[in-house]
Each structure stands twice: as C-alpha cells, then as structure tokens.
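Data first, discussion second: the structure below is written as structure tokens.
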Amino acid sequence: MKICMVGTGYVGLVSSVCFAEMGNEVNCVDTDRELIGKLNSGQAHIFEPGLEDLLTRNHKEKRLTFTADLAQGLHGAKAVFICVGTPPLPDGSCDLSYVRAVAEEIGRKMTAPLVVVDKSTVPVGTADMVRGVIAAELKKRGLELDFFVASNPEFLKEGDAVNDFMKPDRVVVGTDSERAAELLQVLYEPFARSRDKFIVMSVRSAEMTKYAANCMLAAKISFINEIANICEQVGADVHEVRAGIGSDHRIGFHFIYPGLGYGGSCFPKDVKAMLRTARDFNFEPKLLDAVDKVNEAQKLRMAKRIADYFSTRAGGGAGIKGKTLALWGLAFKANTDDLRESAPVAIVRDLVARGMRVRVFDPVAGANGKKLFAQEALVELTDDQYETLQGADALLVATEWNQFRTPDFGRIKKLLRHPVIFDGRNLYQPAYLADLGIEYFCVGRPRLRREQSGESRRCEPGA
94 MKICMVGTGY
104 VGLVSSVCFA
114 EMGNEVNCVD
124 TDRELIGKLN
134 SGQAHIFEPG
144 LEDLLTRNHK
154 EKRLTFTADL
164 AQGLHGAKAV
174 FICVGTPPLP
184 DGSCDLSYVR
194 AVAEEIGRKM
204 TAPLVVVDKS
214 TVPVGTADMV
224 RGVIAAELKK
234 RGLELDFFVA
244 SNPEFLKEGD
254 AVNDFMKPDR
264 VVVGTDSERA
274 AELLQVLYEP
284 FARSRDKFIV
294 MSVRSAEMTK
304 YAANCMLAAK
314 ISFINEIANI
324 CEQVGADVHE
334 VRAGIGSDHR
344 IGFHFIYPGL
354 GYGGSCFPKD
364 VKAMLRTARD
374 FNFEPKLLDA
384 VDKVNEAQKL
394 RMAKRIADYF
404 STRAGGGAGI
414 KGKTLALWGL
424 AFKANTDDLR
434 ESAPVAIVRD
444 LVARGMRVRV
454 FDPVAGANGK
464 KLFAQEALVE
474 LTDDQYETLQ
484 GADALLVATE
494 WNQFRTPDFG
504 RIKKLLRHPV
514 IFDGRNLYQP
524 AYLADLGIEY
534 FCVGRPRLRR
544 EQSGESRRCE
554 PGA
C-alpha cells in the first residue's frame with residue numbers, strides 16, 4: 094500500500110520505517126528541509142534501538158522516501174497519517190496549530206479519495222476539527238472528494254518503540270467508516286494477525302483511549318513513588334512491598350518501579366491535557382490532579398535529599414554551595430536521548446540554582462545535554478563515566494542505563510571526595526554498599542550502616 098506520513102518526529106519516523114519494512118511504500122513529509130536531507134542520507138535524528146538500520150535499508154530499497162512537498166507525498170496514497178507535534182500550552186491544553194495546518198494543506202493538495210488518520214496524540218474531538226478543516230478547504234476549491242477521518246493512537250515506549258510497533262499489544266482504530274476500518278486493517282495485518290489485537294471503536298473513544306492509557310500508567314508510577322516515600326518514614330522496604338503487591342495478578346509488576354518520577358514527551362503532557370479537558374467539561378479530576386502533583390514533587394525530592402545531606406554533620410554541614418555532584422544519566426529513561434520533562438534535568442537546575450556544580454555523563458543524551466546547558470557555567474558534560482567522579486563530593490545515579498548497573502565501586506570510592514551515592518533508580522543493594530563503606534541513599538528503602546562486625550545492621554527510618 095502507498096501511504097503518506099506527515100511529520101518525521103518520534104512517532105512519524107518510527108511508524109514510517111516499520112510500515113516500509115512490511116513492504117509498503119511510504120512517503121514522509123516534513124517542513125524541515127535540513128532534516129529531510131539528513132533522513133534521505135540514511136541518518137536518523139533521534140535515538141531509538143534498531144531504528145537507523147531499518148531507515149537505511151528501506152530507504153536504500155526505495156520503499157521509504159522523504160520530501161518537503163505534501164503534494165508529492167500524497168500522490169497515489171490511499172491514506173495519510175498526521176504525526177505532527179501537539180506541544181502543551183501554558184494552561185496544560187494541547188497546541189493543535191500544527192495538526193490544523195496539516196489538515197488545511199491536505200484539503201488544499203488532495204486530488205483523490207483519501208483516509209486521513211490522526212496518529213498524533215490529540216484531545217477528544219480533534220478528528221471533528223480535522224474533518225471540518227479539510228471539508229472547508231475542498232469547498233474553497235470547488236471539489237467534492239470522498240475522505241474519511243480516523244483516529245489511530247500510538248502506544249510506543251521510548252527505548253523500545255520499534256519492537257512495540259512490530260509486535261503491538263493492540264491496534265486501536267476509531268472510525269465510523271467501514272472503508273477506513275478495512276483499509277487500516279489491511280495495513281496493520283502483518284503486525285496484528287490476531288483479530289483480537291485490531292480494535293475498532295468510535296473516533297472519540299479512540300482519542301480518549303490514548304489519554305486513558307497514559308494516565309493509568311502515570312498513576313501507577315505516582316502511586317509506587319508515594320508508597321516509597323511512606324516506606325522511608327515508617328522503616329519499610331519498598332523493594333519488599335513491591336514484591337508483595339506485584340505478585341497479585343490484578344496489580345502486576347509493570348510500572349511499579351519507584352524512582353524519580355515520570356518524564357518524557359508523553360506522560361507529563363498527556364496527564365496535564367487530560368486535566369485540562371476534564372475541567373473544560375466542568376469536571377474536576379481529583380485523582381489525575383494528585384498524580385500530576387505527586388510526580389512534580391517526586392522530581393525534586395532527591396535534590397532536597399542531596400541538599401539536606403550536605404547540611405548535616407555527615408555531609409560537612411556547610412551546605413551544597415561550592416560542592417560538586419557527579420551525575421550519571423540525564424535522559425528521562427534509558428535507551429533514549431530525550432530530555433523532555435526529564436527528572437535529572439529538573440534536579441540539575443534545582444541544585445545549580447543553590448550554587449552546586451554538576452558534572453554529567455550520559456552515554457546517549459550527552460550531546461543534547463551540552464546544547465541544553467551550554468550557557469550554564471556550573472554544569473559540565475563529560476564523555477567518560479568515571480571522569481565525572483574525579484574530585485566530586487557525591488554521585489547521583491539518575492538514569493537506569495545498563496552500564497550503570499554493575500560499576501566498579503572501588504573506583505567510585507577512590508575517585509569521590511566522599512564515598513556517598515544517591516541512587517534515584519534503586520539499582521544497587523544497600524547491604525552490599527554498606528559493606529563497602531559507601532553511604533547509600535535510594536528511594537523507599539531503609540538506609541543501612543556497616544557495623545564493626547560487618548554483619549549486624551541498623552535500619553534508620555526516614556534516612
């Protein structure tokens with residue numbers, strides 16, 4: 094099938110290369126001509142495992158092309174996917190100006206019947222807007238062309254998006270047109286051979302499904318972080334609590350990992366957009382409001398802990414001003430270079446505002462970090478994991494990259510001025526670090542101190 098993909102951002106590019114991999118002819122359209130040139134040379138502008146190999150192969154075999162000309166992209170296409178950004182506005186609502194602009198251009202450039210698919214994450218009712226905009230443009234041209242607007246939300250995890258697209262849990266399609274549903278079922282058949290995976294519903298239900306899914310996952314993250322914070326106060330271990338509740342099949346283990354809070358391009362934006370939508374319809378979403386507030390507080394909880402430590406006798410008592418923190422990880426999660434709404438970025442900004450120096454290493458997001466903090470004198474990006482430690486007063490592990498999971502603790506202890514590790518991802522065992530003589534602070538687990546015998550340990554609630 095020949096299809097057109099408008100927008101070569103995260104969702105658009107991943108979707109394009111995966112559709113092309115299954116033998117479809119995909120024309121990708123973007124207004125950024127420099128980006129189009131880069132993609133036509135086989136270079137992906139985002140980091141996603143496996144993406145660049147698929148891009149290179151399908152472009153070479155001419156199933157995947159990139160252009161700035163929408164008319165060229167639409168030529169011969171049976172479907173056009175809208176995959177442009179919907180950034181948040183100050184009030185939390187989505188900026189739909191890019192979606193509207195694409196709809197206008199489709200109405201101006203289409204010359205044959207078409208299925209128009211909203212794949213961008215958009216508020217309930219957006220398909221109606223897109224339909225009205227296209228119809229208005231066709232009317233201006235004096236044309237009567239059949240077109241159908243469908244919703245096909247994406248459910249891709251950053252860091253595993255290619256695998257998610259190739260082996261989806263479900264494919265959700267919102268449409269009131271049998272023709273659109275049949276076309277999309279044919280397109281997705283190689284990915285969802287089980288009919289149970291292909292779910293057709295009303296357009297508004299499909300638009301709502303995307304937000305409901307992300308809000309549910311965000312709620313699980315805020316829930317386990319709240320439980321972890323309570324565990325710290327009462328002397329319980331969230332690692333053990335997680336094992337106890339996760340074994341209940343009604344709860345499960347997915348998305349109940351305590352840490353620094355959720356980030357990235359989806360959860361923060363989508364929760365706020367759902368809050369805005371609910372309030373626009375005179376409904377106060379108390380649970381979602383709490384999810385959002387818990388997450389915002391969680392992002393800075395570790396920064397406060399670091400500041401508090403250096404204000405105590407154990408940390409020297411002089412506060413963090415003039416101190417240096419080694420930071421491992423800047424991306425909001427592993428296997429991505431995305432810094433949007435990243436908790437580590439929020440922590441850096443908070444600590445720098447208090448006068449602390451931060452030396453950062455991230456194996457993939459480092460280049461983006463250098464751009465982000467180019468004007469910040471107290472932030473230094475390094476190219477070596479252990480170089481960040483030289484003369485630093487403490488280490489914070491903020492992103493769960495695999496190379497951080499089993500580091501050389503002897504080397505860490507030797508390079509740091511003070512043998513103290515703050516772990517925002519609970520990667521290490523408190524007892525093991527206590528035996529090494531390293532002070533260790535994580536999320537929701539009791540702090541252990543090495544006793545003289547090396548066997549007896551004392552739990553300190555709230556430490």
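For the sequence shown, the working numbering begins at 94 and goes up steadily by one. Note that the Cβ used here is the ideal one computed from N, Cα and C, for glycine as well. All values reported here derive from a predicted model rather than from experimental measurement.
Is residue 469 helix, strand or coil when you go by DSSP?
coil
Expected contact under 8 angstroms - CB spacing of residue 489 and residue 399 to nearest Å
7 angstroms
Residues near residue 434 in its chain [Cβ-Cβ closer than 7 angstroms; skip 5 each side]
356, 357, 361, 425
Quick check on DSSP: helix, strand or coil for residue 301?
helix
Looking at residue 474: is its Cβ nearer than 7 angstroms to the Cβ of residue 459?
yes
For residue 552, three-class secondary structure by DSSP:
Since pLDDT at residue 552 reaches only 39, below the 50 mark, its modelled position is unreliable, and the value read off the structure follows with that caveat. Strand.
Could you compute how far the alpha carbon of residue 150 sits from the alpha carbon of residue 136?
11 angstroms
If we count the other Cβ atoms within 10 Å of its Cβ and call it buried at 16 or more, is residue 534 buried or exposed?
buried
Using three-state DSSP, classify residue 346 as helix, strand or coil.
coil
Inspect the beta-carbon positions of residue 494 and residue 454 and report whether they are closer than 7 angstroms.
no
Closest by CA to residue 126, which one among 107, 140, 113, 101?
101
Through-space distance from residue 441 to residue 395, alpha-carbon basis
11 angstroms
For residue 186, does the three-state DSSP call read helix, strand or coil?
coil
Less than 7 angstroms between the beta carbons of residue 185 and residue 297, yes or no?
no
Contact set for residue 218: own chain, Cβ-Cβ below 6 angstroms, skip 5 residues either direction
none
Report yes or no: do three or more beta-carbon pairs, one from the stretch 255-263 and one from the stretch 223-236, lie closer than 8 angstroms?
no
Alpha-carbon to alpha-carbon, residue 467 and residue 221:
43 angstroms
For the pair the stretch 201-218 and the stretch 270-277, tell me if three or more CB-CB distances fall below 8 angstroms.
yes
Residue 134 classed as buried or exposed, judged by whether at least 16 other C-beta atoms fall within 10 angstroms
exposed
Residue 326, buried or exposed, once every other Cβ within 10 Å from all chains shown has been counted against 16:
exposed
So residue 264 and residue 195 are in contact, right, with Cβ under 8 angstroms, and what is the actual spacing, rounded?
With 8 angstroms as the limit, residue 264 and residue 195 do not qualify as a contact, their Cβ atoms being about 22 angstroms apart.
Who are the Cβ neighbours of residue 283 in its own chain at under 7 angstroms, not counting the five residues just before and after it?
115
For residue 266 versus residue 293, is the C-beta distance shorter than 7 angstroms?
yes
In whole angstroms, what separates the C-alpha of residue 301 from that of residue 155?
36 angstroms
Which value, in whole angstroms, describes the spacing of the CA atoms of residue 511 and residue 486?
5 angstroms
In the DSSP assignment, what residue or residues form a beta bridge with residue 359?
In the DSSP output, where bridge partners are listed per residue, residue 359 has none listed.
Under 7 angstroms between the Cβ atoms of residue 461 and residue 418?
no
Give the DSSP-derived three-state secondary structure of residue 294 in the structure shown.
strand
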